[in-house]
Structure formats: structure tokens, C-alpha cells
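These notes concern the structure reproduced below.
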Amino acid sequence: EDQVTQSPEALRLQEGESSSLNCSYTVSGLRGLFWYRQDPGKGPEFLFTLYSAGEEKEKERLKATLTKKESFLHITAPKPEDSATYLCAVQATFDRDDKIIFGKGTRLHILP
Amino acid sequence: GAVVSQHPSWVICKSGTSVKIECRSLDFQATTMFWYRQFPKQSLMLMATSNEGSKATYEQGVEKDKFLINHASLTLSTLTVTSAHPEDSSFYICSGLQGVLNQPQHFGDGTRLSIL
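Sequence order for the protein chains is V and L.
The opening position of the first sequence corresponds to residue 12 in our numbering, with each subsequent residue numbered one higher.
The opening position of the second sequence corresponds to residue 41 in our numbering, with each subsequent residue numbered one higher.
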């Protein structure tokens, strides 16, 4: 069964304190791995798509990396506005409905 | 680009009434739309997948007669919660997907449904 596990469940950091969020996955064949940001009371906002092991993508203070078993979202020198829930999702190669499976997310809180 | 608009953002109604939620893709054609449900501090749970002009495909455990989905055009899908009860109270989110390989889903801002 395809599965996505995110850790930690919650993370509190001081402003400027870099860290990484983990997304471990098991899927029959990976078509794509997605990172989203979700603010309270809002829908998820797309951040990155990764397709193959070794791939990296960056956007401002965020960098996503991918291996055959997991993905990391690295946050460098975070600011309070980076506080949000970060969701990881995977899409299986053989899913003809283009469904994605979400992890439970990591709630990130950056203290000023 | 890739904006999805969802309305209403918040609705409160009495038990037994039906509620319709609209999901529109504003600047792209969504060949597929998805409806999710999210409980507090939980992840998004897929309820159903709809392709334009076709019947929706519901996930196991989701009552299709309870949650009516219509995807009449490439820019509009609706979810109707029929005869809503307090246990249907939740945060409902839609997403749209272009029919282009490897494009991500783009999400609306959700609808907070409270049934009294």
C-alpha cells in the first residue's frame, strides 16, 4: 500500500535557526513527489515537484531534495512568515486517476 | 497563474439542509478535479475524483448519494452535501489538475462547513 510519513509532527525554531523536514514514502512506482505549504484555514499552496532521486529544487529559503525512499525540505535561516504546515504528497506511476497521497504534515512554528 | 477559487469559504446551516460548494479554475482548464476533506490537525483525505463530463469516482467509504459531485465544464465542479448532519461538519477543499503531464494539483482555499 502506498504510504507517506512525515516527521517531525511539529517543530518550533528560533528565527534564523535552520532545519530540515522529512518525508518518507513507499509507493509502487514514483511519478512525482510534491511539497505544499498550508496556512491555517487555507488550501495548500504548491511549492515543488520532484521526479527522480538526486533532484533538488530551491525557492527562497526552501530547498527540497529527493532520494529513492525519502525527501527533505530544508529551511535555511527561517523567518516568522515561514510558519505554516508543510505537506508532502506522492503520485504513483500506475495511478491512472492522477491521485496524490498526502502525509499528515509538519507544523512549523518560527519564533521571532 | 493556476488559481482555483472555492465558494463559499464558510457556511453554517441547520441539520437536514443541503449545501452546495463551488470550485472554479480561473486561469486554466481543469480536466480533473478532486475533492478532499480535512479534520483539524489531520491531513487531506481524498473523497472523490471527477473528470469533466464523467461521473465522479468516489473513494472507499465515501457515500456517493451523500456527497454529490458534478463536473459540468472544464472550469467548474460542485460538491453538494445532501441532508447534512453535524458529523458532516469539516473543512472541504477542492483542487484542479490540467491535462498536462506532471503538472501539480492546485487547490482552492477551502470551505468550512458547520452543521448545527
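By construction, the Cβ of each residue, glycine as well, lies at the ideal position given by its N, Cα and C atoms.
Nearest residue (CA-CA) to residue i, options the options
{"i": "L:Ser135", "options": "L:Ser117, L:Arg152, L:Trp50", "result": "L:Ser117"}
{"i": "L:His111", "options": "L:Gln145, L:Ala70, L:Lys104", "result": "L:Ala70"}
{"i": "V:Ser64", "options": "V:Ser82, V:Ala103, V:Asp50", "result": "This sequence places Ala at residue 64 of chain V; Ser is not what is there. The shortest C-alpha separation from V:Ala64 is found at V:Ser82."}
{"i": "V:Val38", "options": "V:Leu122, V:Lys74, V:Gly114, V:Lys90", "result": "V:Gly114"}
{"i": "L:Ile109", "options": "L:Ser83, L:Thr72, L:Gln143", "result": "L:Thr72"}
{"i": "V:Thr78", "options": "V:Asp109, V:Glu66, V:Thr87", "result": "V:Glu66"}
{"i": "L:Ser94", "options": "V:Val15, V:Ile112, V:Ala21, V:Asp108", "result": "V:Asp108"}
Cross-chain neighbours of residue i in chain L, by beta carbon under 7 Å
{"i": "V:Thr104", "result": "Result: empty, since nearest Cβ-Cβ is about 11 Å, beyond 7 Å."}
Extent of the continuous beta strand (DSSP E) run through residue i
{"i": "V:Tyr97", "result": "95-103"}
{"i": "V:Phe45", "result": "41-49"}
Sheet register partners of residue i (DSSP bridge)
{"i": "V:Glu69", "result": "V:Lys74"}
{"i": "L:Val59", "result": "L:Val121"}
{"i": "V:Tyr62", "result": "Per DSSP, none; premise fails for V:Tyr62."}
{"i": "V:Gln25", "result": "V:Leu122"}
Residue i: contacting residues in chain L (beta-carbon distance under 8 Å)
{"i": "V:Leu98", "result": "Ser83, Leu84"}
{"i": "V:Gly114", "result": "Ser83"}
Amino acids of chain V, ordered along the chain, whose beta-carbon sits closer than 7 Å to that of residue i
{"i": "L:Pro144", "result": "Phe45, Phe57, Thr60"}
{"i": "L:Leu137", "result": "Asp109"}
{"i": "L:Thr172", "result": "Beyond the ends of chain L as shown, which are 41 and 156, falls residue 172 of chain L; an answer cannot be given."}
Neighbour list for residue i in chain V, Cβ cutoff strictly below 8 Å
{"i": "L:Gly150", "result": "Gly52, Lys53, Gly54"}
{"i": "L:Thr72", "result": "Asp108, Asp109"}
### chain V contacts made by the region 47-68 of chain L, where a contact means CB separation under 8 Å
Flagged: no residues at all.
### Task
Residues of the region 91-116 of chain L with a CB closer than 7 Å to any CB of chain V: list them in chain order, please.
Those residues of the region 91-116 of chain L placed with their C-beta closer than 7 Å to a C-beta in chain V are Thr97, ordered along the chain.
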